[in-house]
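Residue numbers for the sequence shown follow the working numbering, beginning at 17 and rising by one.
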Amino acid sequence: MAPEIRDATHRDLARIVEIERLAFQTPWSLSSFQRELTLPFSRLTVAIGPRSELSEISGFLCRWIVSDECHVLNIAVHPDFRRSGIGASLLCTTISEARTKGASVVTLEVRRTNLPARCLYRKYKFEERRLRRNYYGPGEDAIVMELRFD
Ligand SMILES: CC(C)(COP(=O)(O)OP(=O)(O)OC[C@H]1O[C@@H](n2cnc3c(N)ncnc32)[C@H](O)[C@@H]1OP(=O)(O)O)[C@@H](O)C(=O)NCCC(=O)NCCS
């Protein structure tokens with residue numbers, strides 16, 4: 017069953033930070049997420065579920081829409097709920113929203129070594145466009161990926 021996706025509120029931030037810390041070596045701080053909630057061009061969404069009886073937040077996505085570009089800044093799913101379609105639901109909701117709002121492209125950066133995320137983006141037709149060497153630190157390259165709407 018697809019998870020419910022809704023906008024995050026301040027009350028969700030403790031759980032979002034918990035998931036963030038489990039997902040990344042250099043996690044965003046609470047204040048980074050608080051700031052996103054104040055930016056008019058930013059949207060932070062959460063996934064609830066995957067099962068309807070579980071009202072817990074299982075993942076989140078943060079994106080900006082600026083001009084004709086939607087940029088995905090952050091996406092993570094709690095380790096207990098991975099491989100059950102949560103990341104795909106968050107990403108697909110963002111792609112649909114970007115298309116509806118008239119964006120021509122969805123962009124993101126992904127660590128070259130992050131194969132689960134690269135597979136997720138490729139599954140939804142993102143193309144690997146450029147390499148940004150040492151973007152995440154020495155020897156930690158980023159791949160810029162794009163999904164263009166025709
Ligand atoms: C990347 C991430 C968000 C994926 O979330 P998820 O809910 O587990 O992904 P889904 O179950 O929706 O998977 C959708 C598709 O992504 C790909 N995928 C996801 N995890 C994968 C893995 N471990 N290995 C290979 N492919 C994977 C598959 O194509 C999958 O489709 P399939 O199940 O039909 O094979 C999750 O692994 C995560 O939170 N990672 C840590 C944070 C992170 O790296 N974020 C991305 C930063 S750029």
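Note that beta-carbon positions come from the ideal geometry of N, C-alpha and C, so glycine has one too.
Legend entry - Cutoff 7 Å; reference residue 157; Cβ partners in own chain excluding five residues on either side: Only 128, 147, 148, 149, 150, 151 meet the Cβ criterion.
Inset, instruction - Just the C-alpha distance for residue 100 and residue 140, rounded to the nearest angstrom, thanks. - result: Here the alpha carbon of residue 100 sits roughly 16 Å from the alpha carbon of residue 140.
Inset, instruction - Report, in whole angstroms, the separation of the C-beta atoms of residue 88 and residue 74, which I expect to be a contact under 8 Å. - result: Actually they do not touch by this definition, with Cβ atoms about 18 Å apart.
Legend entry - Close beta carbons around residue 24, own chain, < 6 Å, minus the five adjacent residues each side: Cβ within range, chain order: 60, 62.
Inset, instruction - Sort out for me which residues DSSP pairs residue 23 with in a bridge. - result: In DSSP, residue 23 forms a bridge with 61.
Inset, instruction - State the Cα-Cα distance for the pair residue 111 and residue 65, rounded to the nearest angstrom. - result: Computed Cα separation, rounded: 20 Å.
Inset, instruction - Report yes if the C-beta distance between residue 106 and residue 32 is below 9 Å; otherwise report no. - result: No, these two residues do not count as a Cβ contact at 9 Å.
Legend entry - Beta-carbon spacing of residue 67, residue 17 below 9 Å: Yes, Cβ-Cβ distance for residue 67 and residue 17 is below 9 Å.
Inset, instruction - Can you tell me which of 137, 122, 52, 30 puts its alpha carbon nearest to the alpha carbon of residue 84? - result: Nearest of 137, 122, 52, 30 to residue 84, Cα basis: 122.
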